[in-house]
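So the protein sequences, as listed, match chains A, B, C, D, E and F.
Oh and the first sequence: position 226 is 225 in numbering that gives the first Met the number 0, straight run, nothing missing.
Oh and the second sequence: position 33 is 32 in numbering that gives the first Met the number 0, straight run, nothing missing.
Oh and the third sequence: position 32 is 31 in numbering that gives the first Met the number 0, straight run, nothing missing.
Oh and the fourth sequence: position 245 is 244 in numbering that gives the first Met the number 0, straight run, nothing missing.
Oh and the fifth sequence: position 1 is 0 in numbering that gives the first Met the number 0, straight run, nothing missing.
Oh and the sixth sequence: position 88 is 87 in numbering that gives the first Met the number 0, straight run, nothing missing.
There are 6 protein chains.
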Amino acid sequence: MHIRVINPNTTRGMTDTIGKAAASVAAPGTRITATQPASGPVSIESHFDEAISAVGVVEEVLAAERGEDPVDAYVIACFGDPGLLAAREVTRAPVIGIAEAAFHMATLISTRFSVVTTLGRTGIIAEHLLENYGFSHHCRRVRAAEIPVLDLEENPDLAVERLIDECLRAKKEDNIGAIVLGCGGMADLTDQLTDAIGLPIIEGVSSGVKLAEALAGLKLGTSKYGDLAYPRPKPFTGQFEHHSNIKIQ
Amino acid sequence: MHIRVINPNTTRGMTDTIGKAAASVAAPGTRITATQPASGPVSIESHFDEAISAVGVVEEVLAAERGEDPVDAYVIACFGDPGLLAAREVTRAPVIGIAEAAFHMATLISTRFSVVTTLGRTGIIAEHLLENYGFSHHCRRVRAAEIPVLDLEENPDLAVERLIDECLRAKKEDNIGAIVLGCGGMADLTDQLTDAIGLPIIEGVSSGVKLAEALAGLKLGTSKYGDLAYPRPKPFTGQFEHHSNIKIQ
Amino acid sequence: MHIRVINPNTTRGMTDTIGKAAASVAAPGTRITATQPASGPVSIESHFDEAISAVGVVEEVLAAERGEDPVDAYVIACFGDPGLLAAREVTRAPVIGIAEAAFHMATLISTRFSVVTTLGRTGIIAEHLLENYGFSHHCRRVRAAEIPVLDLEENPDLAVERLIDECLRAKKEDNIGAIVLGCGGMADLTDQLTDAIGLPIIEGVSSGVKLAEALAGLKLGTSKYGDLAYPRPKPFTGQFEHHSNIKIQ
Amino acid sequence: MHIRVINPNTTRGMTDTIGKAAASVAAPGTRITATQPASGPVSIESHFDEAISAVGVVEEVLAAERGEDPVDAYVIACFGDPGLLAAREVTRAPVIGIAEAAFHMATLISTRFSVVTTLGRTGIIAEHLLENYGFSHHCRRVRAAEIPVLDLEENPDLAVERLIDECLRAKKEDNIGAIVLGCGGMADLTDQLTDAIGLPIIEGVSSGVKLAEALAGLKLGTSKYGDLAYPRPKPFTGQFEHHSNIKIQ
Amino acid sequence: MHIRVINPNTTRGMTDTIGKAAASVAAPGTRITATQPASGPVSIESHFDEAISAVGVVEEVLAAERGEDPVDAYVIACFGDPGLLAAREVTRAPVIGIAEAAFHMATLISTRFSVVTTLGRTGIIAEHLLENYGFSHHCRRVRAAEIPVLDLEENPDLAVERLIDECLRAKKEDNIGAIVLGCGGMADLTDQLTDAIGLPIIEGVSSGVKLAEALAGLKLGTSKYGDLAYPRPKPFTGQFEHHSNIKIQ
Amino acid sequence: MHIRVINPNTTRGMTDTIGKAAASVAAPGTRITATQPASGPVSIESHFDEAISAVGVVEEVLAAERGEDPVDAYVIACFGDPGLLAAREVTRAPVIGIAEAAFHMATLISTRFSVVTTLGRTGIIAEHLLENYGFSHHCRRVRAAEIPVLDLEENPDLAVERLIDECLRAKKEDNIGAIVLGCGGMADLTDQLTDAIGLPIIEGVSSGVKLAEALAGLKLGTSKYGDLAYPRPKPFTGQFEHHSNIKIQ
């Protein structure tokens with residue numbers, strides 16, 4: 000099984016981190032490849048970053064669909080799940096966002112959880128996703144450690160310290176059974192945080208890989224019946240002209 | 000007051016239709032300019048189309064922000080409100096999506112409404128927006144006339160006939176007080192449909208213009224405090240490199 | 000365009016304040032007239048006050064409908080939106096409550112807001128309205144400055160001081176982008192509070208006027224199809240006998 | 000125990016029907032008195048009728064509170080529960096609306112129910128109440144037999160025939176375990192409908208009486224702590240001047 | 000009228016407490032009998048305890064249905080309402096859980112309430128019930144006094160002290176009008192707590208008895224039409240073989 | 000990895016069917032063992048059956064926890080997820096219900112799905128689970144093919160015919176992208192139905208196995224922090240005396 004993990008930002012170091020984290024949980028028969036868009040923001044910390052990155056995500060899926068190395072399932076490795084429904088439209092394979100993956104896993108091992116994300120301003124993205132996915136009542140609180148995303152790469156010690164502090168506050172105050180880490184860049188911190196915090200820490204990249212394996216193992220792909228069917232072919236203009244009369248299936 | 004109406008697709012005919020519809024309801028002191036992205040799909044009928052068009056929308060807002068003709072408010076004239084929150088982040092001006100505009104107006108003159116959109120597959124986009132905006136309980140049903148968007152331009156008689164049929168079914172079956180038209184391409188049909196159907200027909204472009212005037216008239220712009228503040232400047236790569244170290248404010 | 004702003008309480012000073020605030024945001028072609036019921040409470044701070052004032056509101060609308068100065072839209076200028084649906088039934092014109100107006104505006108410029116109202120006991124009215132209108136998830140918290148309504152008229156300095164304090168607490172603690180002022184009597188404080196607080200302050204009277212202009216500008220009136228149609232004429236008794244066999248349309 | 004049943008409309012025949020229905024289910028130690036406002040509509044079939052009748056309801060409660068025949072609990076016998084919260088504010092006794100009473104009872108003996116009311120246009124009132132009380136998910140459908148309220152008095156045979164037809168449709172189509180009758184004027188029809196329909200028929204007046212007995216039996220009255228405390232005394236003007244400086248407790 | 004109060008745990012002292020509390024509020028014509036399962040946990044403080052006790056509850060109902068002392072209504076006297084829907088299936092009589100009973104009563108005398116239960120870990124059970132019954136929005140907070148259930152029997156002074164402390168915190172912090180006691184073992188504390196706290200204290204056993212009287216007084220029993228009909232007879236094995244080919248009606 | 004699939008009913012044939020279906024999707028390193036309680040109903044078609052079977056489920060988990068063949072994850076193979084939270088309390092391993100498993104999978108490959116279950120009367124169980132898990136908005140409709148559960152074993156041809164008919168109706172009428180099969184006894188029908196219906200058919204046993212593999216692969220087990228911690232040891236009486244002073248961890 001070939002799972003393609005797409006880092007929606009363009010920071011190769013983070014792609015590597017994510018790819019390694021994905022590989023570390025993959026089943027024996029699973030091959031992980033990690034990619035990133037050629038174009039886009041180096042980190043995703045706003046609706047603006049997210050809108051731009053969504054294009055990169057979809058283009059990565061399209062490239063894989065047309066490539067010579069067939070992909071069995073995709074994981075979108077940014078906690079805002081950018082481009083998720085668009086990506087689903089252009090493939091028969093399952094596509095998993097890491098936020099939804101982590102939320103699903105969290106509800107299976109606890110009755111209530113909190114999210115600890117990077118910046119306060121991206122908390123709203125997590126809140127919107129919780130509402131869309133149906134998990135608002137299962138999440139007690141969306142918290143931010145106030146770490147810029149790239150600090151996870153560049154300033155890891157301080158970042159981890161702040162993360163641990165915020166997770167401990169969540170444990171103490173939120174009446175929860177688990178914590179969801181709210182950033183793809185935290186993919187390599189699960190073990191460290193689990194040890195430090197003392198309750199289950201759920202991370203999205205690893206969760207996404209296992210859900211992707213699960214769906215692909217069931218031969219369940221994105222439904223091509225109804226509103227996730229392939230897009231109607233049509234002209235595109237300008238820098239998106241290459242999507243004209245899209246042929247995918 | 001200068002309101003910029005952005006047609007998120009790249010069909011100039013539709014931009015013209017939308018611009019005229021916007022101008023026809025504008026207050027005396029309001030100047031309408033209608034634009035469209037240089038790049039993107041000719042119509043928006045899928046999550047894929049929407050993801051691509053969101054970039055065009057945001058780039059149009061950025062261009063206007065940096066242009067010499069200051070804009071007091073923006074209207075995003077596609078019923079999926081593509082790029083809405085991203086667009087809000089990059090300006091102090093208010094930004095209104097036509098779906099939200101129509102929903103707001105509908106709740107002010109009726110207790111329950113239905114939506115009549117183009118294609119069945121885009122109904123899910125309207126459903127998601129209704130949930131996000133809080134209007135799920137006010138909308139009885141999202142219906143589709145099964146008209147491809149561009150048929151509104153290219154095959155208007157048949158399109159209008161189907162629209163009228165679906166609106167009449169909504170009136171008869173849905174226990175409603177108003178109908179929301181679910182496509183920016185229907186912007187010139189409000190009067191015709193109102194006459195034909197016999198209950199208030201709410202159209203998003205015109206609704207968006209009036210809400211934009213309302214907000215701008217109150218000197219209320221997008222909050223720059225909290226999660227809609229300007230995005231953190233950062234590097235972008237590839238075809239989006241021009242967004243690097245964004246300076247807007 | 001003629002917008003009638005109805006102050007649901009019987010304090011003329013407040014009617015004047017509200018009328019001036021309304022006029023100060025009205026478009027060039029808009030004429031504002033402000034009235035108040037002949038009968039009712041001097042301020043509205045309970046469900047009891049609200050139930051009584053609802054009659055006054057509806058009677059004011061009926062009087063205007065039968066008067067010689069045609070009204071294009073009504074604004075009900077008390078934050079509990081008393082008599083809103085009843086008022087809508089007796090006119091083809093749009094009728095806007097200032098609470099709903101402020102909530103609508105707040106969702107267009109921020110993702111989350113808080114309400115700051117007068118007395119703690121009236122907070123429940125705002126909570127109920129938020130639920131009815133669909134905005135519960137957009138409002139973080141309903142706060143009270145614990146100011147009796149008439150103190151806004153009679154003891155303005157202290158009232159404003161408390162308001163500012165509570166707004167600053169909301170800004171600091173609530174993770175919001177905007178604040179909604181929860182009382183018609185605060186209509187003249189918007190500018191002062193905006194300056195003092197540093198995020199958008201949304202006030203209902205001004206919001207209501209602009210929404211009324213918006214709807215009237217679209218020729219959208221209250222739906223007379225379905226459950227907001229004119230009431231069935233019938234006998235009334237006692238002090239309400241004058242409503243017998245109501246003829247409005 | 001003295002339960003005062005208030006018919007919010009001014010049709011004495013309906014007051015008698017309601018009073019008899021109430022008495023027929025009262026416990027041995029319970030005395031029922033049935034009253035109606037001196038002023039108001041002869042039936043309640045619109046938001047307008049409801050707003051007017053709310054004043055009558057509250058005045059009836061106030062009159063009783065000041066009267067010489069102490070009341071232990073109140074029932075508001077119109078399916079819109081007009082004036083419910085206002086009435087609660089002016090008494091320490093429990094106050095029960097017949098819509099809420101019927102909904103509560105329905106959820107205790109079935110998992111899902113439907114409502115059959117009089118006119119389609121009043122269905123929205125039931126929908127709003129279901130939302131406010133938290134019972135939206137327990138109610139499958141609000142149906143109307145399209146009977147004007149007074150036809151229940153004046154044209155009972157046809158009215159009952161239509162009611163039975165609509166209840167049978169609900170039984171067949173709605174996947175329910177019980178039916179709630181949506182009008183105080185149906186108070187004497189419970190047995191007849193139960194026999195005809197073959198599933199539990201829940202009627203609000205009788206339900207309200209038993210809930211009133213239940214609360215009074217527990218010595219539980221309306222909370223005077225918090226937002227249902229007595230209204231702040233204040234001046235009222237005009238025809239409501241008698242409420243000035245209200246003294247109740 | 001014969002009301003059978005079932006204490007779902009097997010601690011006779013608690014059955015006695017509950018039975019006395021029930022009898023103390025029963026109407027003159029009501030006879031209370033209190034029982035407990037022969038088998039099960041001595042207290043219910045977890046999902047595990049609850050699952051086991053549900054069997055005991057249903058077996059108690061079945062025993063009563065087959066017994067010689069006909070029962071008119073049942074009350075399940077544990078705040079998790081264990082076995083409620085199963086119990087309803089096996090009888091035509093109404094069956095009331097004390098959690099639902101208390102929630103219903105609380106919404107009738109206040110707009111918002113809090114729950115004070117025994118252990119923090121059982122709070123989730125109350126939260127789930129609030130969601131299922133539709134009362135989530137009416138409850139501000141589920142609190143725990145951190146008292147093991149049997150301490151209410153064995154160490155009553157300390158238990159009451161902690162309860163009072165937690166109730167006072169709820170009164171001070173939660174913006175509520177009433178408090179619901181979250182454990183059947185608190186059935187004898189209502190008066191004491193009402194005096195100490197100064198707002199209405201709602202207790203489930205007494206509430207359940209009065210609701211049971213109310214339903215039985217209306218001749219309303221569990222609907223045998225639809226999903227609460229008697230279970231289909233079928234073989235059972237092992238220790239549950241006695242339920243084979245169940246005949247109840 | 001050892002996954003224990005527990006058939007909550009006592010029909011060995013169904014246990015075999017479920018075990019085979021589970022094994023057919025298991026990953027290479029996964030060993031499936033399928034068991035059933037010694038005591039309980041032969042099929043689960045009511046709340047009563049479900050309450051009894053929950054005990055069997057928990058006892059099976061306890062037996063496994065104390066057994067010599069360590070279990071890495073449990074699947075509860077009845078669509079009502081009986082005993083789910085209780086089972087979670089008594090183990091550190093993940094425990095997955097097949098209803099939740101199927102719902103989770105359905106939301107990952109479609110935006111809207113319908114459920115097709117056996118009997119109409121058990122539809123309410125699915126509805127309650129959808130609400131509890133947060134998936135109400137993702138499910139368009141819960142349908143029943145009106146097949147008794149054991150007919151899936153004893154009368155498979157007719158049962159499959161009815162299932163196909165109902166699934167085709169769901170496909171035609173419900174505006175969905177996937178169908179969830181609502182009974183563990185349908186575990187061997189997925190391929191046949193997928194071929195016949197033409198959209199993704201999601202079955203719970205297979206979904207549960209893959210989610211169990213996913214969680215165990217992530218070393219994520221049921222949270223022992225908070226409300227799913229091991230139950231407090233305590234005395235049990237009668238036929239449940241063996242649970243006294245439970246020691247599991």
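A virtual CB, placed ideally from N, CA and C, is assigned to each residue, including glycine.
None of these values were measured; they are calculated from a predicted model.
Chain-order list of residues whose beta-carbon lies under 7 Å from that of residue i (same chain, five-residue window excluded)
i: Gly18(D); result: Val4, Ile31 and Ala33
i: Thr29(E); result: Met0, Ile2 and Glu212
i: His242(D); result: Phe235
i: Leu83(D); result: Ile75, Val94 and Gly96
i: Gly119(A); result: Ala143 and Glu145
Endpoints, beta strand (DSSP E) assigned at residue i
i: Ala181(A); result: Rather than Ala, the amino acid found at residue 181(A) in this sequence is Gly. Where Gly181(A) is concerned, the enclosing beta strand (DSSP E) stretches over Ala177 to Gly181.
i: Val114(A); result: Phe112 to Thr116
i: His103(B); result: No beta strand (DSSP E) contains His103(B), which is instead part of the alpha helix (DSSP H) from Ile97 to Ile108.
i: Arg3(F); result: His1 to Ile5
i: Arg87(D); result: Segment Leu83 to Glu88 is the alpha helix (DSSP H) holding Arg87(D); no beta strand (DSSP E) there.
Contacts around residue i, its chain only, beta-carbon distance under 6 Å, and the 5 residues preceding and following it disregarded
i: Gly39(F); result: Thr9, Ile51, Ser52 and Gly55
i: Ala101(F); result: Val179, Ile201, Gly203 and Ser206
i: Thr117(D); result: Ile146, Val148 and Cys182
i: Gly220(B); result: Arg91, Ala92 and Pro93
Neighbour-count burial assignment, residue i, 16 or more Cβ in a 10 Å radius
i: Arg11(E); result: exposed
i: His237(E); result: Sequence check: residue 237(E) is Gly here, not His. So Gly237(E) counts as exposed.
i: Gln128(C); result: The amino acid at residue 128(C) is misidentified as Gln; the sequence shows Leu. Per the 10 Å Cβ criterion, buried.
i: Lys246(B); result: exposed
i: Pro27(E); result: exposed
i: Pro69(A); result: exposed
i: Arg87(A); result: buried
Where the alpha helix (DSSP H) through residue i begins and ends
i: Val54(E); result: His46 to Arg65
i: Val159(E); result: Pro155 to Glu172
i: Ala22(F); result: Arg11 to Val24
i: Tyr132(E); result: Gly122 to Tyr132
Beta-carbon contacts of residue i that lie in its chain and below 8 Å, excluding the five residues immediately before and after
i: Asn244(F); result: Pro232, Lys233 and Pro234
Straight-line gap, residue i to residue j (C-alpha atoms, nearest Å)
i: Leu214(C); j: Val74(C); result: 12 Å
i: Ile163(F); j: Met185(F); result: 12 Å
i: Arg139(A); j: Thr106(B); result: 31 Å
i: Met104(C); j: Arg91(F); result: 49 Å
i: Ile124(B); j: Asn131(F); result: 25 Å
i: Leu151(A); j: Gly133(F); result: 32 Å
heavy atom of the ligand NAD below 8 Å from residue i C-beta
i: His137(D); result: Looking at this structure, you won't find the ligand NAD or any other ligand, since it has none at all.
Just list the alpha helix (DSSP H) runs in the region 184-244 of chain B, keeping only unbroken ones of 4 residues or longer that don't cross its boundaries, in chain order. 189-196 and 203-216
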